[in-house]
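*Asks:* In our numbering, the protein residues as written are 62 to 274.
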């Protein structure tokens, strides 16, 4: 290596732009597909779900949200021959040392029953004792991949607190037990437009849109 090499001054890799056309949403979660399609609406892409194309769900073997998002996006892009966008997101509860985290969907079991998952979160908070806090945050990692293996990744976050019992029917997943800081309603009680303006997914999408469109 040259003595003049300075890793802090290496030019960053250029972000690849996404052109209008078909884009695979690499998810079988209809709530996620719906939200992502709404967020993509103004940008000239035609979202198609992985489920509609009959694409399998790859095993999520990553240890971070971004690793799992990239794995799913690359698999969908390779199998479909189209650009693919994947979301890996989850709820991280401070009192539970960040759990369920990347295992958020798995806490809902094979039936994807988030009523069970929310109950498990609450029961485990209670098991920590009366001093356990209710602070939590949602993380959303977005990965945009092309069939040639190129991938761009972005991560968003929103902080709030866990409440019980669950409230609202407008969201999905853990939305009924999550109240973002500065608000007194859960994500599942919010008008979808209000949630889209401030959610972890919206935060990640703002970064993606600024970079690739």
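We put the CB at the ideal spot given by N, CA and C, even for glycine.
1. Where in the stretch 113-182 do unbroken runs of the alpha helix (DSSP H), each at least 4 residues long, occur, reported from the N-terminal end onward?
2. Threshold first: 3 residues or longer. Then list the beta strand (DSSP E) segments lying entirely within the stretch 81-117, N to C.
3. DSSP state of residue 186, grouped into three classes?
4. Do the stretch 177-190 and the stretch 203-214 touch if we need at least three Cβ pairs shorter than 8 Å?
5. If we ignore side chains and look at the alpha-carbon of each, how far apart do residue 236 and residue 266 end up?
6. Please report the distance separating the alpha-carbon of residue 295 from that of residue 190.
7. Just to confirm, are residue 2 and residue 136 a CB contact at a threshold of 8 Å?
8. Express the C-alpha separation of residue 174 and residue 270 in angstroms, rounding to a whole number.
9. Tell me whether residue 258 is buried or exposed, calling it buried when 16 or more other Cβ atoms sit within 10 Å of its Cβ.
10. Using 10 angstroms around the beta-carbon of residue 217, count the other beta-carbons present and answer buried if the total reaches 16, otherwise exposed.
11. Does the structure place the stretch 138-155 close enough to the stretch 86-94 that three or more beta carbon pairs sit under 8 Å?
12. What first and last residue would you give for the alpha helix (DSSP H) that runs through residue 266?
13. Please classify residue 177 as buried or exposed, where buried requires at least 16 other C-beta atoms within 10 Å of its C-beta.
14. In this structure, how does DSSP classify residue 236 when only helix, strand and coil are distinguished?
*Replies:* Based on what the coordinates show:
1. 126-141
2. 82-86, 106-110
3. helix
4. no
5. 18 Å
6. No information on residue 295 is available, as it lies outside the stretch 62 to 274 that the chain covers here.
7. There is simply no residue 2 to check, as the chain begins at 62 and stops at 274 in what is shown.
8. 32 Å
9. exposed
10. buried
11. yes
12. 261-273
13. exposed
14. helix
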